[in-house]
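For reference, the structure discussed in these notes is given below.
Number of protein chains: 2
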Amino acid sequence: MVAVMSDSRRVIVSHLPEGPLDPSDFTVETVPIPEPGPGDVVVQVSAITIGAGQRAGLQGSASYAGAPTSGILMGGSGVGTVIASGSDSVAVGSKVAGPTGWQEHALLPATDLRVVPGDLDDALHLGVLGTNGLTAYFGLLRVGDPQPGQTVVVSAAAGSVGHIVGQLAQIRGCRVVGVAGSDEKCRLLVDELGFDAAVNRRADDFRDQFKAATPDRIGVYFDNTGGAILGSALFRMATQGRIVCCGAVSAYDTASPEPSPRGIPGLLVNNRVRMEGFLVFDFADLYDDGRAELAGWVETGDLEPRHIEYEGLDSAPGAFVDLLAGSTVGTTIVRV
Amino acid sequence: MVAVMSDSRRVIVSHLPEGPLDPSDFTVETVPIPEPGPGDVVVQVSAITIGAGQRAGLQGSASYAGAPTSGILMGGSGVGTVIASGSDSVAVGSKVAGPTGWQEHALLPATDLRVVPGDLDDALHLGVLGTNGLTAYFGLLRVGDPQPGQTVVVSAAAGSVGHIVGQLAQIRGCRVVGVAGSDEKCRLLVDELGFDAAVNRRADDFRDQFKAATPDRIGVYFDNTGGAILGSALFRMATQGRIVCCGAVSAYDTASPEPSPRGIPGLLVNNRVRMEGFLVFDFADLYDDGRAELAGWVETGDLEPRHIEYEGLDSAPGAFVDLLAGSTVGTTIVRV
């Protein structure tokens, strides 16, 4: 039975999806638990997170996630415990977070991992204190820089990044409007997460509702979607408003993405709008500061991160499909 | 014959153009020379300038130039001499510049005018020291902020703003690439104005030429056109590059503007590109500083503003059509 104990399961991208992602694009394989070389550690993964942006890495063309490939371990962030160490700096028993990928055991250079407090739920490390929270934090507060009283709009507002953006905007003293994919999510945003308004992007009269929800126009639009919602926001921007381009989920999981929005560059000129793409990795030097401030808001209750949980590594492909279908709220966590 | 001396001619927008502008969209009428009230002056206009951006004011929908209207004096900047004054601050005989419109005599509040040195050619006041030069100056140096060694690309590069942008980028120590509408203009940009390269936007292999001209990708793209050139530039932006959205001349003089460029917002995210619309009027507090620096560069010969001249107020509508057809180089000046 010792042989069984030394096996480890992992999820492989068996082929790049054409059109919407399907669980059949992935396979699970079993391999031996690796041994650490000098400087490396082996992490027993306890949870991974899945983000919509990872879909970009499976596109047919290169994106910020790098050129696509198949037949390899599915990448992604995870949390776990070090069970073997060849590193002087990270001891066995340490709780760590980093790019574990979708697997039960990850062999990684210790320098790729950060040691995290052992007493917090994995979901916090992977959500509000992980890439999702930092993306919301630096994207909204550094790139968008909304001022108190301004209207902040966020798309995919119930998503892993969006639901934090909206709460950070409230902390900043802004009026906050979310755009989400169902009436149920819109109710949750307003009733439970303190949004001032939320609009269902699937509503027949979406544009009218969106206009009504932004009577003072939009100071900062945090765009997770691109496509038609970006198009609507462009027509509602305030003078010298800012659009934070975080992602284009509307274009990820399809072979025929929505066309670019109309009115570019004319609307940008008329209203002196700044539209800026960013990647959270550019703020890596400031992560510790960001995490400290986010953790403080979680502790005071000003910020209530949400997550949805799946059990077992085998549930990860299905969780990814659910995420892209827009049926989840908050950060997607798979307990491994 | 005294009656004749007191007549003044002016150009009226007789109807808003549908499709390309035509001289028949304007009429010339004769009115009495006005008398100044308290605080006003009467300016005998010696020259006006025409900018492509003015076409936006004649669109079927509101733009930054305000809602369109017909049956009124055609607006625009001019230079002239004060021949009657009801103002304590601006004396008869002063040379002034301001929003004279297309007319021989303008009645204006003295506060709308700036007194300019009498010993410079009107073309300088209306070109490099007027809105065109200031647009190039603040757009490139403040909004774009290129760094030495970066590649700066400017569209409508032989135009009133573009030919100054390219020269300012050279002063800043950048590699400069122009996009213009004819081989002749491209030659002029390289041979006479010091551009490192220039590409004819009408060339069959424009995209290949454009790519070859930007081997280090684009640090700052100064966009005067929108449309297909903006689309090409988006695919050539360097990481953290900036797009300065100054105008959309490709959309002004047509009933069917080019579609928005592809890849928004995806390309902005992948390369962390900032795209920002601006209007020079937002920098009004800094005009004096800008003019002083521009005048210094003209004096040292680092900056060689170009203009094309037309004679007589009646030539103004035709000059506007020429400008929009892309057949002119530098600032368009009509000697009244």
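The listed protein sequences derive, respectively, from chains A and B. Position 15 (the first sequence) corresponds to 1294 in our numbering; numbering is contiguous. Position 82 (the second sequence) corresponds to 1361 in our numbering; numbering is contiguous. In this text, a Cβ means the ideal position worked out from N, Cα and C, and glycines have one as well.
Where the alpha helix (DSSP H) through residue i begins and ends
i         : result
Gln1446/A : Gly1441 to Ile1450
Val1469/A : Asp1462 to Asp1470
Leu1420/A : Segment: none, Leu1420/A is in no alpha helix (DSSP H) and carries neither H nor E.
Assigned secondary structure, residue i (DSSP; H/G/I helix, E/B strand, else coil)
i         : result
Gly1605/A : coil
His1586/A : strand
Val1369/B : coil
Gly1377/A : strand
Glu1297/A : coil
Arg1553/A : strand
Cys1525/B : coil
Thr1493/A : coil
Asp1400/B : coil
Asp1319/B : strand
Ala1282/B : With a pLDDT of 42 at Ala1282/B, under the threshold of 50, the predicted position of this residue should be treated as unreliable, though the coordinate-derived value follows. Helix.
Gln1488/A : helix
Met1516/B : strand
Pro1388/A : strand
Val1292/B : strand
Val1499/A : strand
Leu1352/A : strand
Gly1438/B : strand
Val1600/B : helix
Span of the beta strand (DSSP E) around residue i
i         : result
Asn1411/B : Looking at the DSSP string, Asn1411/B is not in any beta strand (DSSP E); the run it does join, the alpha helix (DSSP H), is Thr1410 to Tyr1416.
Asn1479/A : Ala1476 to Asn1479
Ile1508/B : No beta strand (DSSP E) holds Ile1508/B; the alpha helix (DSSP H) holding it covers Gly1506 to Leu1513.
Gly1330/A : Element bounds for Gly1330/A: n/a, residue is neither H nor E.
Glu1308/A : Phe1305 to Pro1311
Arg1570/A : Run containing Arg1570/A: none in the beta strand (DSSP E); it sits in the alpha helix (DSSP H), Tyr1566 to Thr1579.
Gly1357/A : Gly1357 to Ser1364
Arg1614/A : Thr1610 to Arg1614
Gly1457/B : Arg1454 to Ala1459
Val1433/B : Thr1430 to Ser1434
Cβ-Cβ separation, residue j to residue i (assumed contact under 8 Å), whole Å
i         : j         : result
Leu1300/B : Phe1599/B : 6 Å
Gly1355/A : Gln1333/A : 6 Å
Val1559/B : Thr1414/B : 4 Å
Ala1437/A : Lys1464/A : 4 Å
Gly1423/B : Gly1452/B : So it is not a contact: roughly 14 Å between Cβ atoms.
Leu1392/B : Gly1377/B : 4 Å
Gly1418/B : Val1577/B : That pair is no contact at about 18 Å.
Gly1318/A : Ala1402/A : Rounded, the Cβ-Cβ distance is 29 Å, inconsistent with contact.
Ile1497/A : Gly1520/A : 6 Å
Val1528/B : Asn1503/B : 6 Å
Ser1287/A : Val1307/A : With a Cβ gap of about 11 Å, Ser1287/A and Val1307/A do not count as contacting.
Ser1584/B : Ile1450/B : It is worth fixing the name first, because residue 1584/B is Pro in this sequence and not Ser. Not confirmed; about 13 Å, so no contact.
Thr1579/B : Ser1439/B : Actually they do not touch by this definition, with Cβ atoms about 21 Å apart.
Gly1357/B : Ile1327/B : 4 Å
C-beta atoms of residue i and residue j nearer than 9 Å
i         : j         : result
Val1458/A : Val1433/A : yes
Gln1488/B : Asp1581/B : no
Ala1335/B : Leu1603/B : no
Val1320/A : Val1369/A : yes
Thr1493/A : Thr1430/A : yes
Met1516/B : Arg1553/A : no
Ala1595/A : Ile1312/A : no
Leu1352/B : Gly1380/B : yes
Ser1364/B : His1294/B : no
Ile1543/B : Ser1511/A : no
Ala1477/B : Val1456/B : yes
Leu1565/B : Leu1408/B : no
Val1548/B : Phe1557/A : yes
Arg1480/B : Ile1508/B : yes
Ser1461/A : Gly1605/A : yes
Glu1590/B : Arg1614/B : yes
### Query
In chain order, what residues of the stretch 1484-1505 of chain A put their CB closer than 7 Å to some CB of chain B?
Identification of residues in the stretch 1484-1505 of chain A having a C-beta nearer than 7 Å to some C-beta of chain B yields Asp1502 and Gly1505, given in sequence order.
### Task
Check distances from the C-beta atoms of the stretch 1535-1566 of chain A to those of chain B and list, in chain order, the residues that come in under 9 Å.
Pro1536, Pro1538, Ser1539, Pro1540, Arg1541, Gly1542, Ile1543, Pro1544, Gly1545, Leu1546, Leu1547, Val1548, Asn1549, Asn1550, Arg1551, Val1552, Arg1553, Met1554, Glu1555, Gly1556, Phe1557, Leu1558 and Asp1561
### chain A contacts from the stretch 1284-1301 of chain B (Cβ-Cβ distance under 7 Å)
If you check each beta-carbon in the stretch 1284-1301 of chain B against every beta-carbon of chain A, none falls closer than 7 Å.
### Task
Determine which residues of the stretch 1464-1475 of chain B have a Cβ less than 8 Å from any Cβ of chain A, and write them out in chain order.
none
### Interfacial residues, the stretch 1416-1438 of chain A to chain B, with Cβ spacing under 8 Å
none
#### Entry: Interfacial residues, the stretch 1595-1611 of chain A to chain B, with Cβ spacing under 7 Å
none
### Query
For the stretch 1394-1410 of chain A, which residues have a CB atom closer than 7 Å to at least one CB atom of chain B, in sequence order?
none
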